[in-house]
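Contents: one structure, followed by commentary.
Number of protein chains: 2
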Amino acid sequence: MNPITSPLLTDLYQLTMFEAYLREGMDREAVFEFAVRNLPPGREFLLAAGLESALSFLEDLRFSEAEIDVLARTGRFSKGLLAELGRLRFTGDLYALPEGTPFFAGEPLLRVVAPLPLAQLVETRVMNLVHCETILASKAARCRLAAGEKTLLVDFGLRRAHGAEAGLFAARASYIAGFAGTATVLAGALYGIPLFGTMAHSYIEAFPDELSAFVAYARANRENVTFLIDTYDTLQGARQAIRAARILAPEGIRVKALRLDSGDFLSLSREVRALLNQEGLPEVQVFVSGNMDEYAIRDLLAAGAPIGGFGGGTKLDTSADAPYLECAYKLVEYAGRPRLKASAGKATLPGRKQVFRRIDEGRLAGDTVALEGEAGVPGEPLLMKVMEKGRRLFPALELTAIARHAQAQLESLPEGLRRLDGRSPYEVQISPGLRRLQEETLRSLGIAC
Amino acid sequence: MNPITSPLLTDLYQLTMFEAYLREGMDREAVFEFAVRNLPPGREFLLAAGLESALSFLEDLRFSEAEIDVLARTGRFSKGLLAELGRLRFTGDLYALPEGTPFFAGEPLLRVVAPLPLAQLVETRVMNLVHCETILASKAARCRLAAGEKTLLVDFGLRRAHGAEAGLFAARASYIAGFAGTATVLAGALYGIPLFGTMAHSYIEAFPDELSAFVAYARANRENVTFLIDTYDTLQGARQAIRAARILAPEGIRVKALRLDSGDFLSLSREVRALLNQEGLPEVQVFVSGNMDEYAIRDLLAAGAPIGGFGGGTKLDTSADAPYLECAYKLVEYAGRPRLKASAGKATLPGRKQVFRRIDEGRLAGDTVALEGEAGVPGEPLLMKVMEKGRRLFPALELTAIARHAQAQLESLPEGLRRLDGRSPYEVQISPGLRRLQEETLRSLGIAC
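Residue numbers (the numbering used here), protein chains in the order written: chain A, 54 to 502; chain B, 54 to 502.
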């Protein structure tokens with residue numbers, strides 16, 4: 054059982070509900086939508102990601118004999134269910150926002166249309182993938198906006214990501230959001246993302262002094278040499294790095310950057326920059342890492358810190374200030390009838406929905422969530438059909454193409470959202486048709502509006 | 054390349070530093086320690102977890118031909134390095150706190166002793182594993198303490214965990230910390246953790262009414278029947294569940310619990326409890342899910358809410374209020390000489406360390422971080438040698454044994470820590486020997502203390 058692709062990566066209730074659906078013959082067409090209820094504090098928009106993972110999961114969904122055996126040995130499940138699971142494939146349709154598209158609270162980013170037990174079964178892993186990749190892409194997009202266009206951003210966070218998959222997703226999601234690359238070697242191998250790296254404090258400490266550590270590193274790795282200068286004292290480290298650069302220059306090795314990882318980055322970056330300029334090394338960049346997030350990046354650059362690049366680590370790879378979204382995978386239609394839940398604070402809107410987005414002078418100007426096919430709704434539809442009867446309608450996009458789409462989309466955000474100040478909510482309306490359907494559905498359930 | 058076990062799940066700099074170590078012939082014995090610098094707000098202690106994963110990673114560490122090929126094709130690495138990696142195995146020693154042991158800021162929970170390039174190389178994945186499992190176990194332990202001994206706790210959070218591995222780790226870590234089980238089917242299969250499940254709102258919505266949904270579910274799944282009652286209106290849902298229980302009783306099916314997932318849990322749990330008692334169903338428990346964490350659990354139980362069990366989801370599986378630890382894998386000795394870094398706010402203590410813990414009347418009474426073998430330090434040493442020359446010294450522990458250890462350890466926490474009120478810091482001292490070594494090392498580096 055592969056812990057990343059196994060269909061047993063699901064909640065028990067998906068299987069016990071399947072058992073009940075089977076017993077009742079409830080296998081008519083169901084429509085589920087995945088949406089975020091409310092944006093978390095500190096998020097004015099989210100950036101959709103995870104579709105490619107969801108498509109792969111749905112395409113490859115099957116229970117191996119070993120997995121059926123495991124289920125059989127629990128003694129919980131009927132032979133009928135086990136036989137059904139043994140031949141199960143995803144045969145439904147999927148509609149989705151393209152990866153790299155900004156979206157807002159209440160807007161479905163996925164719609165699954167499939168026989169009820171199947172559409173239900175895939176809930177857990179589809180959410181697990183799309184939720185995680187979306188929070189990571191959204192955090193990275195904020196860093197990208199904060200950094201402006203010219204500043205290099207790199208993902209350094211694997212060690213504090215929540216496990217292997219989260220680390221890989223962080224590399225991919227931040228690349229989509231406009232990072233230049235990642236330190237995660239496997240993300241380079243799997244996704245073709247450019248790799249970046251510097252050196253660790255332990256590396257410096259293992260040498261008798263910083264100078265010899267720097268020179269040895271550059272001789273062994275002649276390209277993209279970045280020296281970490283804060284192991285003992287940042288300014289002394291900078292002086293040693295400059296000495297190393299002088300020693301290395303005749304050997305044809307050019308130092309690309311000096312990295313700060315602790316202390317007051319504003320004053321230190323200025324002092325190091327001044328030293329570099331004074332010593333005739335204006336082309337050597339100052340690179341900063343250590344608890345970087347969109348706020349730290351924005352504030353440093355706004356204060357004029359001469360920093361050429363940032364490494365995003367922990368706060369990026371865990372989306373530390375918003376590590377989860379209030380989101381749900383909701384049944385909106387079954388057997389041709391709209392469905393909803395009316396739970397306190399978690400009520401849902403019934404019916405197959407579409408998100409219509411208005412663009413004004415190249416900028417997002419407001420969205421409307423409406424019924425699919427509802428007439429008279431202004432804007433362009435965002436949800437695209439990407440899978441039909443279990444087959445992808447398009448080949449997987451190149452990651453660079455997704456990143457280009459994301460960049461164009463981020464540029465089209467209204468200025469207020471690009472400022473990340475939390476003071477410019479984006480307007481999302483509910484269409485008249487959708488309101489009417491909600492009222493009718495509540496009435497049919499005997500619930501007062 | 055398996056995305057969970059591949060040695061490419063590392064930072065690029067581990068390989069570029071390896072290149073430099075190789076070039077310089079720096080392969081003498083290095084000692085690294087993994088410790089948490091400061092406890093995050095909202096954590097008075099942490100619960101060690103992830104050792105089993107780290108041991109498996111170290112035992113299985115090898116680069117396949119395909120992985121060497123991938124590295125070769127980057128054009129970054131020397132033939133010497135690739136050959137070295139091709140034959141690499143972990144041949145070092147590992148010392149660790151047993152999983153399920155509480156620990157505090159500044160206390161090493163792992164010590165790796167191995168040739169420098171090897172000890173350095175394993176940093177990224179060892180941290181990725183131990184950091185993630187430790188934050189999850191620590192969060193779960195707080196929920197366990199808040200719930201007291203009799204309340205059932207179950208992990209429901211896979212869908213919002215950060216990827217597959219984090220979801221599996223959450224199930225395992227919460228079981229170690231005293232949860233009864235998980236909803237994650239694969240965690241049952243891989244770790245033998247008991248499985249729990251109820252039903253989704255979508256399941257209820259697909260039926261014409263709640264009563265038929267409840268009855269159908271119970272007939273298809275006769276054991277451990279829990280009805281979700283808040284889809285439309287919690288009290289009406291409770292009445293339908295009671296009707297279902299009456300219909301099912303003659304069929305030999307007993308309802309175990311009613312689950313609330315929204316609304317005011319204190320008043321609703323009382324009303325539902327009263328209804329159940331009044332209708333002669335005192336044995337049916339009230340089970341609550343929905344944004345549960347240690348504070349919600351503590352407050353509900355302190356207010357006397359008649360709740361028999363809680364499902365922990367999002368906040369548990371993401372350790373939402375403390376999704377990361379300030380931690381580092383630090384070089385403390387190389388080639389027989391102590392090492393440290395002196396970076397602002399991130400200075401480290403040199404030398405091989407041991408944690409000594411004093412116990413007073415069965416309760417933790419204070420720790421001392423000292424040099425290994427330092428004389429005159431009161432308390433029992435916590436770090437155990439668990440791997441020698443790349444081989445485990447003990448077979449993998451049963452998960453139930455780890456959970457029992459954790460329970461005993463949590464019971465031995467001082468009352469102030471068990472109250473989770475953040476007002477009772479635990480004393481961790483630095484031994485005189487360790488202080489002296491730090492001063493000497495700084496002096497030898499020419500840094501003022």
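Here a beta-carbon is modelled for each residue, glycine too, at the ideal position from N, C-alpha and C.
Would you check if the stretch 166-184 of chain A and the stretch 202-222 of chain B touch, i.e. whether three or more CB-CB distances between them fall below 8 Å? Per the Cβ contact rule, the stretch 202-222 of chain B is in contact with the stretch 166-184 of chain A (3 or more Cβ pairs under 8 Å).
Along the alpha helix (DSSP H) that carries methionine 70/A, what are the first and last residues, could you check? Stepping through the first sequence from its first residue, residue 70/A is reached at position 17. Under the DSSP assignment, methionine 70/A falls in the alpha helix (DSSP H) whose first and last residues are 65-77.
Ranges of the beta strand (DSSP E) found wholly within the stretch 290-349 of chain B, counting only runs of at least 3: 308-313, 338-342
Thinking proline 247/B and glycine 231/B are a contact (beta carbons under 8 Å), I'd like their distance in whole angstroms, please. Along the second sequence, read from residue 1 onward, the residue named residue 247/B stands at position 194. Along the second sequence, read from residue 1 onward, the residue named residue 231/B stands at position 178. So it is not a contact: roughly 13 Å between Cβ atoms.
Less than 7 Å between the C-beta atoms of alanine 149/A and valine 439/A, yes or no? Residue numbering aside, residue 149/A sits at position 96 when the first sequence is read from its first letter. Residue numbering aside, residue 439/A sits at position 386 when the first sequence is read from its first letter. Yes.
By Cβ distance below 7 Å, which residues in the same chain neighbour glutamate 160/B in space, the five residues on each side in sequence not counted? Locating residue 160/B in the second sequence gives position 107, where the first residue counts as 1. The answer, listed in chain order, is Ala88, Val408, Asp420, Val422, Val481.
Taking Cβ to Cβ, would you say proline 376/B is nearer than 7 Å to proline 391/B? Within the second sequence, numbered from 1, the residue matching residue 376/B stands at position 323. Within the second sequence, numbered from 1, the residue matching residue 391/B stands at position 338. When the beta-carbon positions are compared, proline 376/B and proline 391/B stay at least 7 Å from each other.
Buried or exposed by the 16-neighbour rule on C-beta atoms within 10 Å, applied to serine 342/A: What you label residue 342/A is simply residue 289 of the first sequence in a count that begins at 1. So serine 342/A ends up on the buried side.
In its own chain, which residues sit with a C-beta less than 8 Å from the C-beta of phenylalanine 340/B, not counting the 5 before and 5 after it? Within the second sequence, residue 340/B is the residue found at index 287, counting from 1. Correct list, in chain order: Leu205, Thr251, Thr279, Ala310, Leu311, Arg312, Leu313, Ile360, Gly361, Gly362, Phe363, Gly364.
Thinking threonine 187/B and leucine 100/B are a contact (beta carbons under 8 Å), I'd like their distance in whole angstroms, please. As a working note, residue 187/B is residue 134 in the second sequence. As a working note, residue 100/B is residue 47 in the second sequence. About 7 Å; that satisfies the 8 Å criterion.
Taking the alpha carbon of leucine 198/A as the reference point, which residue from Ile229/A, Ala219/A, Cys185/A, Leu171/A has its own alpha carbon closest? Working through the first sequence from its first residue, we reach residue 198/A at position 145. It is Ile229/A whose Cα lies nearest to the Cα of leucine 198/A.
Give me the Cα-Cα distance between threonine 367/A and alanine 224/A, rounded to the nearest whole angstrom. Reading the first sequence from its first residue, position 314 is the one you call residue 367/A. Reading the first sequence from its first residue, position 171 is the one you call residue 224/A. So the alpha carbons of these two residues sit roughly 12 Å apart.
Answer with yes or no whether the minimum CB distance from lysine 406/B to chain A is below 7 Å. Along the second sequence, one-based indexing puts residue 406/B at 353. By this cut-off, lysine 406/B is not an interface position.
Proximity below 7 Å, CB of leucine 135/B to CB of isoleucine 121/B: Numbered from its first residue, the second sequence carries residue 135/B at position 82. Numbered from its first residue, the second sequence carries residue 121/B at position 68. Yes, Cβ-Cβ distance for leucine 135/B and isoleucine 121/B is below 7 Å.
With 16 as the cutoff for other CB atoms within 10 Å, does glutamate 258/A come out buried or exposed? Mapped onto the first sequence, residue 258/A falls at position 205. Glutamate 258/A is buried by the Cβ-count criterion.
Using CA atoms only, rank isn't needed, just tell me which of Met345/B, Leu490/B, Arg129/B is closest to glycine 316/B. Numbered from 1 along the second sequence, position 263 holds the residue referred to as residue 316/B. It is Met345/B whose Cα lies nearest to the Cα of glycine 316/B.
Output the distance between the C-alpha atoms of phenylalanine 267/B and tyrosine 382/A, rounded to the nearest integer angstrom. For the purposes of this step, residue 267/B is taken as residue 214 along the second sequence, with counting starting at 1. For the purposes of this step, residue 382/A is taken as residue 329 along the first sequence, with counting starting at 1. Their Cα atoms are separated by approximately 21 Å.
Can you pull the chain B neighbours of alanine 236/A, defined as C-beta to C-beta under 8 Å? For the purposes of this step, residue 236/A is identified with residue 183 of the first sequence, where counting begins at 1. Ordered by position in chain B, the residues that pass the 8 Å Cβ test against alanine 236/A are Asp64, Leu65, Tyr66.
Note the first and the last residue of the continuous beta strand (DSSP E) segment covering aspartate 146/A. Taking the first residue of the first sequence as position 1, residue 146/A is located at position 93. 146-149 is the extent of the beta strand (DSSP E) around aspartate 146/A.
Taking C-beta to C-beta, are alanine 193/B and serine 227/B nearer than 7 Å? The residue given as residue 193/B occupies position 140 in the second sequence. The residue given as residue 227/B occupies position 174 in the second sequence. Their beta carbons are under 7 Å apart, which means alanine 193/B touches serine 227/B by this criterion.
Under the three-state DSSP convention, the category proline 467/A falls into: Within the first sequence, the letter at position 414 stands for residue 467/A. Of the three classes helix, strand and coil, the one that applies to proline 467/A here is coil, per DSSP.
Would lysine 442/A and threonine 144/A be called neighbours here (beta carbons separated by less than 7 Å)? The residue given as residue 442/A occupies position 389 in the first sequence. The residue given as residue 144/A occupies position 91 in the first sequence. Cβ distance < 7 Å, so lysine 442/A and threonine 144/A count as in contact.
In the DSSP assignment, the alpha helix (DSSP H) including leucine 490/A goes from what residue to what residue? Your numbering for residue 490/A matches position 437 in the first sequence. 485-497 is the extent of the alpha helix (DSSP H) around leucine 490/A.
Apart from the five residues on each side of it in sequence, which residues of its chain come closer than 6 Å, Cβ to Cβ, to arginine 351/A? On the first sequence, residue 351/A is found 298 positions in, with the first residue counted as 1. Answer for arginine 351/A: Ala199, listed in chain order.
Partner residues on chain A for isoleucine 57/B, Cβ-Cβ distance less than 9 Å: Working through the second sequence from its first residue, we reach residue 57/B at position 4. Those are Asn55, Pro56, Ile57, Gly216, Ala217, Glu218, listed as they occur along chain A.
Please say whether proline 56/B and alanine 217/A have beta carbons closer to each other than 7 Å? As a position in the first sequence, residue 217/A is number 164, starting the count at 1. As a position in the second sequence, residue 56/B is number 3, starting the count at 1. Yes, the pair counts as a contact, with Cβ atoms nearer than the cut-off.
Own chain, CB closer than 8 Å to leucine 328/B, minus 5 neighbours either side, in chain order: Residue numbering aside, residue 328/B sits at position 275 when the second sequence is read from its first letter. Excluding positions up to five away in sequence, the list reads Leu288, Ala291, Arg292, Ile295.
Which chain A residues sit within Cβ distance under 8 Å of alanine 373/B? Your numbering for residue 373/B matches position 320 in the second sequence. Against alanine 373/B, the close residues of chain A are Pro376, Tyr377, in the order they occur along the chain (beta-carbon pairs closer than 8 Å).
Would you mind giving the Cβ-Cβ distance between serine 484/B and leucine 424/B, rounded to the nearest angstrom? I have them listed as a contact below 8 Å. Looking up residue 484/B in the second sequence gives position 431. Looking up residue 424/B in the second sequence gives position 371. About 7 Å; that satisfies the 8 Å criterion.
Do you know how far the Cα of phenylalanine 447/A is from the Cα of valine 417/A? On the first sequence, position 364 is the one that residue 417/A refers to. On the first sequence, position 394 is the one that residue 447/A refers to. For the sequence presented, residue 417/A should be read as leucine rather than valine. When rounded, the distance between both Cα atoms is 26 Å.
Reducing DSSP to helix, strand and coil, say where glycine 216/B ends up. Here residue 216/B refers to the residue found at position 163 of the second sequence. Helix, per DSSP.
Contact set between cysteine 185/B and chain A, taken where Cβ atoms lie within less than 7 Å: Translated into positions along the second sequence, residue 185/B becomes position 132. The answer, in chain order, is His215, Gly216.
Could you name each continuous beta strand (DSSP E) segment of 3 residues or more that falls completely within the stretch 239-270 of chain B, going from the start of the chain to the end? none
Taking the alpha carbon of serine 59/A as the reference point, which residue from Leu319/A, Val123/A, Leu92/A, Ala459/A has its own alpha carbon closest? Position 6 of the first sequence, counted from the start, is the residue given in the question as residue 59/A. For the residues Leu319/A, Val123/A, Leu92/A, Ala459/A, the minimum Cα distance to serine 59/A belongs to Val123/A.
Under 9 Å from the C-beta of methionine 252/A: neighbouring residues of chain B: Against the first sequence, residue 252/A aligns to sequence position 199. Result: Tyr66, Thr69, Met70, Ala73.
Rounded to whole angstroms, what's the CA-CA distance from lysine 203/B to glutamine 460/A? Just pull it up for me. As a first step, residue 203/B is located in the second sequence; it is residue number 150 there, counting from the start. As a first step, residue 460/A is located in the first sequence; it is residue number 407 there, counting from the start. Taking the straight line joining both Cα atoms gives about 53 Å.
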